[in-house]
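Chemist: Those protein sequence lines, which keep their order, are chains G and U. Here the first sequence stands for residues 0 to 263, where the numbers follow numbering that gives the first Met the number 0. Here the second sequence stands for residues 0 to 271, where the numbers follow numbering that gives the first Met the number 0. Pasting in a structure now, in C-alpha cells, and then I'll have a few things to ask.
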Amino acid sequence: MADEHPIPDNTNKRETADTQGDNEVVIKIEHLKKSFGSNDVLKDLSMSLREGENLVVLGRSGQGKSVAIKCIVGLLQQDEGICNVYGQEVKELSETELRELRKKVGFLFQSGALYDSMTVAENLAFPLTRVMKMTDDNEIEKLVQEMLDNVGLKDAIDKMPSDLSGGMRKRIGLARTLIMKPQIMLYDEPTTGLDPITSKEISNLILDMQKKYKTSSIIITHDMLCAKITSDRMLVLNDGKFIAEGTYDELENSENELVRSFFK
Amino acid sequence: MLVMAPESHYKMKTASVTSTTLLPDWMSEIGDQVLFMGTFARNIFRSGFEWNELVRQCYVVGYKSIGLVGITGFILGFVMTLQSVPTMKEFGAVSFVPSMVAISVIREIGPVIIALTCSGKIASSIGAELGSMKVTEQIDAMEVSGANPIQYLVVTRIIACTLMVPLLTILADTLALGGGFLGSNIGGHFSVILYFNKAFHSLAFTDLLPSFIKTIFFGFAIGFVGCYKGYNSGSGTESVGVAANSAVVSASLWVIVLDAIAAQATTLLAYN
Chain G
0 MADEHPIPDN
10 TNKRETADTQ
20 GDNEVVIKIE
30 HLKKSFGSND
40 VLKDLSMSLR
50 EGENLVVLGR
60 SGQGKSVAIK
70 CIVGLLQQDE
80 GICNVYGQEV
90 KELSETELRE
100 LRKKVGFLFQ
110 SGALYDSMTV
120 AENLAFPLTR
130 VMKMTDDNEI
140 EKLVQEMLDN
150 VGLKDAIDKM
160 PSDLSGGMRK
170 RIGLARTLIM
180 KPQIMLYDEP
190 TTGLDPITSK
200 EISNLILDMQ
210 KKYKTSSIII
220 THDMLCAKIT
230 SDRMLVLNDG
240 KFIAEGTYDE
250 LENSENELVR
260 SFFK
Chain U
0 MLVMAPESHY
10 KMKTASVTST
20 TLLPDWMSEI
30 GDQVLFMGTF
40 ARNIFRSGFE
50 WNELVRQCYV
60 VGYKSIGLVG
70 ITGFILGFVM
80 TLQSVPTMKE
90 FGAVSFVPSM
100 VAISVIREIG
110 PVIIALTCSG
120 KIASSIGAEL
130 GSMKVTEQID
140 AMEVSGANPI
150 QYLVVTRIIA
160 CTLMVPLLTI
170 LADTLALGGG
180 FLGSNIGGHF
190 SVILYFNKAF
200 HSLAFTDLLP
210 SFIKTIFFGF
220 AIGFVGCYKG
230 YNSGSGTESV
240 GVAANSAVVS
250 ASLWVIVLDA
260 IAAQATTLLA
270 YN
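Below you can see the structure in the form of C-alpha cells.
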C-alpha cells in the first residue's frame, strides 16, 4: 500500500504501488489531461486500479472526478495522456472494440440513469437482450429476479422508474449494471442526495456486491461514510491532480489541511 | 455546436473536426448533421435491428397523430371550399370547386400543412424525449452498457417518421376531400357522387406520385431533425426545451425547402 499524505509525484508513487501490489493492474491512467474550452479540468492525473480493489476518489465538486471515469469508458476522450483498461488504450479502440471493453466495465450513474420509458424488469433485461444477445425469456427473467433479489427490490419488478424513490433508483441502477457481471465497476457518487440510512445501505450493498461478484471498483464520492465502508484505498483530487493517497485512517490523520477537511 | 455531443459512435470524429477549429457555428452544424446522417445510414444495416421498437415508434408517431392530422385535413378542405365558393360563383365556375380543392390539397397544401403539423407534434416530441434522455444520462448509460443507442433510439424513430408521415398525409388528403364536400354541400351545390367524380376526374398520376414521394422526404426530415437536435442537446434542463424548439423550427424550415425543391423537380420532370 502506498504511503499516505500529499503526493508530490503521482507517477512515482503509483509505480511503487503497482510493483508492491500482488494483484494485476486493471486500469492505468498516466498524465491524463482534459479541457473543455479554456477550462482545464484534468491537469495531470495518474492512478491505477488493481484487481479486486475498491478505490475511492474524493474531491470537491467540479474537480473532474466524473470526467476521469468517463474517460475510462470512452464517454469522453482525453486531450493528452494514457488511459489504459486491461492493457488497451481506450482512445485507440475501434467502435466494436470499445463496445467489447464496455461489457467488462459497469458504470453506475449519479442519477441511476434508468430508462424512463421502460419498467424495472425491462431496464434490467435491456443489456441482456441487446448486449449479451440473450433470447431465452425464462433465462432472462431468472437473471432479472436474481439481481432484484440481490438489491432487495424484488417487488419493484413491474414498476416504472418514475414510481421509485432516489434510493430505489440507485439500487435498480446498480442491479442493471451488475446483471452484465462486469469485472470493473465505476460508481459516480452513488450516495449523493440520499438520507444517511439509505446512503449506508447503498454503501453496504456496494461492498456486498463487490465481494459476491469479485469486481474491482472506483467509487467517486463526497460521502465519508460511504468512503469509510467501501474503500481499500483512497485518492484525493484537487485542481486536476491527485494530491493525496492512502487508506481512510491514513488520510483522516493527514498533515494536509484540505485532505483533513473532508473528514470533518 | 457539437462540442459536447456524446462521443462514441459518431462523436469522436465530429468533436475533433469541429470543436477545435474556428468554423462558424452554422458550418459546424452542417458538418455534424452530415456525420450524424452517415452514422444513421451505417446503423440501419447493422445486425440486431430493433423491429419491436420500430413498431412501437410507428404507433407513437403514426397512430397517436391520427386525431390531429385528421381534424387538420378535414378543416383544411372545408375552409378552402367555403372561402372559394363565393369567388368561383362570381365567375360562374362553382362546378370547378371540387377539382380546385382536390388538386390544390393533394398536390401542395395537404402534404405541406400536414408536414408542418407533424413538425410541431412529432419533431418536438422526439427532440424533447431524446434531449431529456441525454440530460438524465440515459443515452450515456446505454452506451456504456455496450448497447447501441443510435440503433435503438435514432434509426427506429427516423424510419417510423419516414413511413408514417406519408400515410398520415394520405389520410389527411382523404378527409380534406370529405371536408370540401361538406363545405360545398352547405350551399347544396353537389351530390356526393358528383363531387367526388369531379374531384377524382381532375387528378392525374402526375399529381399523386410526386406528392406522395415528397411526403417521404418530409417524414425523413422531421425524424432526422428531431433525433439530431435531441441527441445533441446540451447537458442542462434548459437544453431540453431548446432541443424541442429548434427541432420544430429546423424541421419546418426543411419541409419548406424540400417542398420548393420538389415543386421545381416535379415541374421539370412531370409537366414538361
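Beta carbons: idealized from backbone N, C-alpha and C, even for Gly.
Between ILE6/G and chain U, is the shortest Cβ-Cβ distance under 8 Å, so that the two count as touching?
Modeler: Residue confidence is low: ILE6/G scores 47 on pLDDT, short of 50, so the model does not pin down where it sits. Its coordinate-derived value is still stated next. So no, ILE6/G is outside the interface.
Chemist: How far does the alpha helix (DSSP H) with ASN237/G in it reach, from first residue to last?
Modeler: From DSSP, ASN237/G is part of no alpha helix (DSSP H) but of the beta strand (DSSP E) over 232–237.
Chemist: Alpha carbon to alpha carbon, what distance is there between VAL247/U and PHE261/G?
Modeler: Rounded to whole angstroms, PHE261/G to VAL247/U spans 47 Å at the Cα level.
Chemist: Is there a C-beta anywhere in chain U that falls below 8 Å from the one on ASP162/G?
Modeler: No, ASP162/G does not count as interfacial toward chain U.
Chemist: Between PHE73/U and LEU174/U, how many whole angstroms is the CB-CB distance? I'm expecting something under 8 Å.
Modeler: With 8 Å as the limit, PHE73/U and LEU174/U qualify as a contact, their Cβ atoms being about 4 Å apart.
Chemist: For SER201/U, does the three-state DSSP call read helix, strand or coil?
Modeler: DSSP places SER201/U in coil when its eight states are reduced to three.
Chemist: Leaving out five residues before and five after GLY47/U in sequence, what residues of the same chain have Cβ atoms less than 8 Å from its Cβ?
Modeler: These residues qualify, in order along the chain: ASN147 and GLN150.
Chemist: Apart from the five residues on each side of it in sequence, which residues of its chain come closer than 6 Å, Cβ to Cβ, to VAL256/U?
Modeler: Hits under 6 Å: none found.
Chemist: So, ARG175/G versus PRO126/G, is the Cβ gap smaller than 8 Å?
Modeler: Contact flag set, yes.
Chemist: Does SER215/G get closer than 8 Å to chain U when you measure Cβ to Cβ?
Modeler: Output row for SER215/G: interface = no.
Chemist: In three-state terms, what does DSSP make of PHE106/G?
Modeler: Looking at PHE106/G - three-state DSSP - the assignment turns out to be strand.
Chemist: Cα-Cα, which of VAL254/U, ASN231/U, LEU268/U and ASP24/U is closest to GLU136/U?
Modeler: Comparing Cα positions, the closest option is ASN231/U.
Chemist: Which runs of the alpha helix (DSSP H) spanning at least 4 residues fall entirely within the region 112–169 of chain G, listed in chain order?
Modeler: Within the region 112–169 of chain G, the complete alpha helix (DSSP H) runs of at least 4 residues are 119–129 and 136–149.
Chemist: Who are the near neighbours of ILE192/U in its chain, counting only those whose CB is closer than 6 Å to its CB and skipping five residues on each side?
Modeler: None.
Chemist: Below 7 Å on C-beta distance, what does ASP24/U contact in chain G?
Modeler: Going along chain G, no residue has its Cβ under 7 Å from ASP24/U, so there is no contact; the nearest lies around 14 Å.
Chemist: For the region 193–213 of chain G against the region 27–38 of chain G, are there 3 or more C-beta pairs whose distance is under 8 Å?
Modeler: Counting Cβ pairs under 8 Å, fewer than three are found: no touch.
Chemist: Whole angstroms are fine: how far does the CA of ALA198/U sit from the CA of SER183/U?
Modeler: One C-alpha to the other measures close to 12 Å.
Chemist: Taking the alpha-carbon of LYS33/G as reference, which of ASP43/G, VAL25/G, ILE26/G and LYS27/G has the nearest alpha-carbon?
Modeler: Ranking the options by Cα distance to LYS33/G, first place goes to ASP43/G.
Chemist: Since VAL55/G contacts THR214/G with CB under 8 Å, what's their CB separation in whole angstroms?
Modeler: About 14 Å; that fails the 8 Å criterion.
Chemist: Short of 8 Å in beta carbon distance, which residues of its chain neighbour SER245/U, apart from the five on each side in sequence? Order them along the chain.
Modeler: Contacts found: GLY126 and LYS228.
Chemist: Which chain U residues are close to MET146/G, counting only those with a beta carbon under 8 Å from its beta carbon?
Modeler: Result: empty, since nearest Cβ-Cβ is about 14 Å, beyond 8 Å.
Chemist: To the nearest angstrom, how far is the alpha carbon of GLY165/G from that of SER234/U?
Modeler: So the alpha carbons of these two residues sit roughly 20 Å apart.
Chemist: Please report whether the beta-carbon of ALA146/U lies at a distance below 8 Å from any beta-carbon of chain G.
Modeler: Yes, because at least one Cβ of chain G sits closer than 8 Å to the Cβ of ALA146/U.
Chemist: Taking the alpha carbon of LEU67/U as the point to measure from, which residue in LEU115/U, VAL143/U and SER249/U has its own alpha carbon closest?
Modeler: With distances taken between Cα atoms, LEU67/U lies closest to LEU115/U.
Chemist: Please report how far the alpha carbon of GLY37/U lies from the alpha carbon of LEU268/U, in whole angstroms.
Modeler: Rounded to whole angstroms, GLY37/U to LEU268/U spans 29 Å at the Cα level.
Chemist: I'd like to know whether the C-beta atoms of GLY272/U and ILE121/U end up nearer to each other than 8 Å.
Modeler: The requested residue 272/U does not occur in the structure, where chain U is confined to residues 0 to 271.
Chemist: Given a cut-off of 8 Å on the beta-carbon distance, is the pair GLU52/G and ASN83/G in contact?
Modeler: Cβ distance not < 8 Å, so GLU52/G and ASN83/G don't count as in contact.
Chemist: Just the C-alpha distance for VAL130/G and PHE241/G, rounded to the nearest angstrom, thanks.
Modeler: Near 35 Å, if we compare the C-alpha coordinates of PHE241/G and VAL130/G.
Chemist: Thinking just about the alpha-carbon of each residue, which of GLU52/U, VAL154/U, VAL96/U and ALA171/U is nearest to the one in PHE35/U?
Modeler: Measuring from the Cα of PHE35/U, the nearest candidate turns out to be VAL154/U.
Chemist: Terminal residues of the continuous alpha helix (DSSP H) containing LYS69/G?
Modeler: Counting along the chain, the alpha helix (DSSP H) containing LYS69/G begins and ends at 64–71.
Chemist: Compute the beta-carbon to beta-carbon distance between LEU173/G and VAL150/G, rounded to the nearest angstrom, for a pair I have assumed lies under 8 Å.
Modeler: Confirmed, about 6 Å.
Chemist: Spell out the partners DSSP gives MET46/G in its beta bridges.
Modeler: Beta-bridge pairing links MET46/G to ILE28/G.
Chemist: Quick check on LEU74/G: does DSSP put it in helix, strand or coil?
Modeler: Here LEU74/G sits in coil by DSSP.
Chemist: Which value, in whole angstroms, describes the spacing of the CA atoms of CYS160/U and SER118/U?
Modeler: In a straight line, the C-alpha of CYS160/U is about 10 Å away from that of SER118/U.
Chemist: Flag this pair as yes or no: are the beta carbons of SER98/U and SER190/U separated by less than 8 Å?
Modeler: No, the pair does not count as a contact, with Cβ atoms beyond the cut-off.
Chemist: Less than 8 Å between C-beta atoms, sequence neighbours within five positions excluded: which residues of the same chain meet that for ILE178/G?
Modeler: Excluding residues within five positions, the ones whose Cβ falls inside 8 Å are LEU123, PRO126, LEU127, LEU142, VAL143 and MET146.
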